[in-house]
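Residue numbers (my numbering): 36 to 439. Some notes on the structure that comes next.
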Amino acid sequence: MGPELPEPPEMLDVLIVGGGPVGLFLGCLLARSGGSFAVLEKRAAASVHSRAIGIHPPALKALDSVGVAGAMLEAGLRISSGIVRGETGALGELDLRLASAEFPFVLSLPQQNTEELLEARLHQLAPGTLRRCSEVKEIRDHGTHVSVVSEEGGERKTIQARFVVGADGCRSRVRALAGIEYRGDTYGDKYLMGDFPDTTAYGSAALIYLRRAGVVECFPLPGGLRRWVVRTDSLRREASAAHLAELVRERTGQYLPAAECSMLSAFEVRHHRAARMVVGRQVLIGDAAHEVSPIGGQGMNLGWLDALAQAPVLVQAVRQAGDGTHTRTQAARSTATQTRSALARFERERQQSAWIATRQAELNMWAGRPIHARIQPGRDWLVRRLLSRPIQPLLARAFTMRWL
């Protein structure tokens, strides 16, 4: 007998690179459609850091389509209002129940819990499709399919797929290998945030303090916690929980038990947008395609809506490619044209949504910047007007991303 021939590379319909919340959700969507796919993730386990916490109504509706929203609602905390306070008192309250009849709130759930629930749901729908400790090294687009070389446990493995989706974050390897420019910059705004036991009397309401020295925001979390975010004059990486507690006390009068802080982080904010979301058979979604300021909590939700828009395009393209009636050259060309048109429409619409999200995040940051005492009354008047009954429903819809 002659030597054994090497096995041909695995061929999938879709290969998702990135097993964060966006990649996991796209995997769940594809699992419901019955195609072959895998999710490659270089991390050995889900992140333990609670970065994003807000899940907006459009995202909850999308998550409900794969059967995971119920578990998230059970684990999370529903924020149905946001109270805004100025330098001398209350300016108004934003009623988030006006934004959606189906999900009249923003769900507060730390990102690590969100990832755990999405991973569990993906395992239910398609066991074994999430492949951890797998890092992409090379990508080659052959026109009819894509070859991806990944490294798993020191061994290199080649996987072929009809499409590759980069859901691998703002430092996307897929985007870098595709040579796609990531245009943007860093804002001057800096923040310090931490999670503390909730010592306020505001229950499930969020609070925004518009102070002359800079904004202070706080959001309730499950488990009797509250996240505090304070705008600072510089990036204070060495700050302690006691320092954050003192900033909060100075600007709001609220007491925080510094010794019980469970998370502390100083961060700056950036905005970036990929020049393309689609190049050949490679597609970008989530932070790989666009990075927006976390002030306003839009980033993760924007990525989920990317995945929701992308999944049917991929499913249809794969089905047409596998249809025996398209083996003739003319039919194959027609199918390719339809796929390109659908991908171009996806790119155009999602880039527009990212542009809007970026502008809204900039408005949120602008409203919370330090302000001179003589200008403060004018800003307070404007905020009161925006929170008035005639305008409030529109503001609630904008804040909860109903325009996306």
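For each residue, glycine too, the CB sits at the ideal point set by N, CA and C.
Unbroken alpha helix (DSSP H) run spanning Phe434, endpoints: Residue mapping note: residue 434 aligns to position 399 of the sequence shown, counting from 1. Here the alpha helix (DSSP H) through Phe434 covers 427 to 434.
So, helix, strand or coil for Val304, using DSSP? By 1-based counting over the sequence shown, the position of residue 304 is 269. Strand, per DSSP.
How about Val199 and Val353: do their beta carbons lie closer than 8 Å? Numbered from its first residue, the sequence shown carries residue 199 at position 164. Numbered from its first residue, the sequence shown carries residue 353 at position 318. Cβ distance not < 8 Å, so Val199 and Val353 don't count as in contact.
Any idea which residues DSSP pairs Val52 with across the strands? Position 17 of the sequence shown holds residue 52. The partner list for Val52 (beta bridge, DSSP) reads Leu75, Gly201.
Quick check: what's the CA-CA separation for Met228 versus Ser239? Along the sequence shown, one-based indexing puts residue 228 at 193. Along the sequence shown, one-based indexing puts residue 239 at 204. The alpha-carbon separation between Met228 and Ser239 amounts to approximately 19 Å.
Is the CB-CB distance between Ala344 and Arg385 below 8 Å? If you number the sequence shown from 1, residue 344 lands on position 309. If you number the sequence shown from 1, residue 385 lands on position 350. In this structure, Arg385 lies closer than 8 Å to Ala344 by Cβ.
Closest to Ala196 by CA distance: which of Ile174, Glu187, Asp203 is it? Indexing the sequence shown from 1 puts residue 196 at position 161. When each option's Cα is compared against that of Ala196, the closest is Ile174.
By alpha-carbon positions, which one of Arg316, Cys63, Leu398 ends up nearest to Val327? Stepping through the sequence shown from its first residue, residue 327 is reached at position 292. If we check each option's Cα against that of Val327, Leu398 comes out closest.
Could you name the residues of the same chain whose beta carbon sits closer than 6 Å to that of Ile410, not counting the 5 residues immediately before and after it, in chain order? Within the sequence shown, residue 410 is the residue found at index 375, counting from 1. Within the same chain, no residue comes within 6 Å of Ile410 by CB-CB distance, once the 5 residues on both sides are set aside.
Extent of the continuous beta strand (DSSP E) run through Asp230: Sequence index remark: in the sequence shown, residue 230 carries index 195 (1-based). Its beta strand (DSSP E) spans residues 217 to 232.
Nearest to Ser71 (by Cα), restricted to the options Ala79, Arg78, Gly62, Lys77: Residue numbering aside, residue 71 sits at position 36 when the sequence shown is read from its first letter. Comparing alpha carbon positions, the residue from Ala79, Arg78, Gly62, Lys77 closest to Ser71 is Gly62.
Simplified DSSP assignment, three categories, for Asp268: Taking the sequence shown and counting its residues from 1, one reaches residue 268 at position 233. Coil at Asp268, not helix or strand.
Can you check DSSP and say which residues form a bridge with Gln195? Residue 195 sits at position 160 when you count from the first residue of the sequence shown. Met46, Ser182.
With distances taken Cα to Cα, identify the nearest neighbour of Arg78 among Gly69, Gly55, Leu47, Ala276. Within the sequence shown, residue 78 is the residue found at index 43, counting from 1. Per the Cα distances, Gly55.
For the pair the segment 88 to 102 and the segment 127 to 142, tell me if three or more CB-CB distances fall below 8 Å. As far as the Cβ criterion goes, the segment 88 to 102 touches the segment 127 to 142, which means the pair count is three or higher.
Here's a check: name, in chain order, each residue in its chain whose Cβ is nearer than 6 Å to the Cβ of Leu299, leaving out the five neighbours to either side. In the sequence shown, residue 299 corresponds to position 264, counting from 1. If we look at Leu299 and ignore the five residues flanking it on each side, its Cβ neighbours are Gly229, Ala276.
Please state whether DSSP places Gln317 in a helix, a strand or coil. In the sequence shown, the residue the question calls residue 317 occupies position 282. Three-state result, Gln317: strand.
Figure out for me which residue from Ile88, Leu50, Ser82, Val49 has the closest Cα to the Cα of Arg262. Here residue 262 is taken as the residue at index 227 of the sequence shown, counted from 1. Sorting Ile88, Leu50, Ser82, Val49 by C-alpha distance to the C-alpha of Arg262 places Ile88 at the top.
Please work out which residues of its chain come closer than 6 Å, Cβ to Cβ, to Arg208, disregarding the five sequence neighbours upstream and downstream, and give them in chain order. Counting from one through the sequence shown, the residue named residue 208 turns up at place 173. Excluding sequence neighbours, Arg208 sits near Val171.
Would you be able to state if there are at least three C-beta pairs under 8 Å between the segment 278 to 288 and the segment 142 to 150? Contact fails: fewer than three Cβ-Cβ distances are below 8 Å.
On the three-pair Cβ rule with 8 Å, is the segment 215 to 229 touching the segment 301 to 309? Touching, per the Cβ criterion.
Does the structure place the segment 149 to 161 close enough to the segment 103 to 110 that three or more beta carbon pairs sit under 8 Å? Touching, yes.
Just verifying my parser: in three-state terms, what is the DSSP assignment at Gly127? For the purposes of this step, residue 127 is identified with residue 92 of the sequence shown, where counting begins at 1. It is a strand residue.
Min CB distance Asp48 to chain D below 8 Å: Reference to chain D is not applicable here, since this structure consists of a single protein chain.
DSSP three-state call for Met298: helix, strand or coil? Within the sequence shown, the letter at position 263 stands for residue 298. Strand.
Presumed contact (8 Å Cβ cut-off) between Ala309 and Arg246, rounded CB distance: The residue labelled residue 309 in the question sits at position 274 within the sequence shown. The residue labelled residue 246 in the question sits at position 211 within the sequence shown. Taking 8 Å as the upper bound for CB-CB distance, Ala309 and Arg246 are not in contact here, some 36 Å apart.
Taking 8 Å as the threshold (C-beta atoms), are Tyr226 and Arg266 in contact? Taking the first residue of the sequence shown as position 1, residue 266 is located at position 231. Taking the first residue of the sequence shown as position 1, residue 226 is located at position 191. In terms of Cβ geometry, Arg266 and Tyr226 form a close pair [threshold 8 Å].
Within 10 angstroms of the Cβ of Ser269, are there 16 or more other Cβ atoms? Answer buried if so, exposed if not. What you label residue 269 is simply residue 234 of the sequence shown in a count that begins at 1. It counts as exposed.
Local conformation of His177 per DSSP, three classes: Here the question's residue 177 lines up with position 142 in the sequence shown. Three-state result, His177: coil.
Cβ neighbours of Arg424 in the same chain (closer than 6 Å, five flanking residues each side left out): By one-based count along the sequence shown, residue 424 stands at place 389. Here Arg424 has no same chain residue with a Cβ atom under 6 Å from its own Cβ, once five neighbours each way along the sequence are excluded.
Proximal residues to Gly58 (C-beta, below 6 Å), its chain only, five neighbours per side dropped: In the sequence shown, the residue the question calls residue 58 occupies position 23. Closer than 6 Å at the Cβ level, and outside the excluded window around Gly58, lie Ile51, Val74, Ala202.
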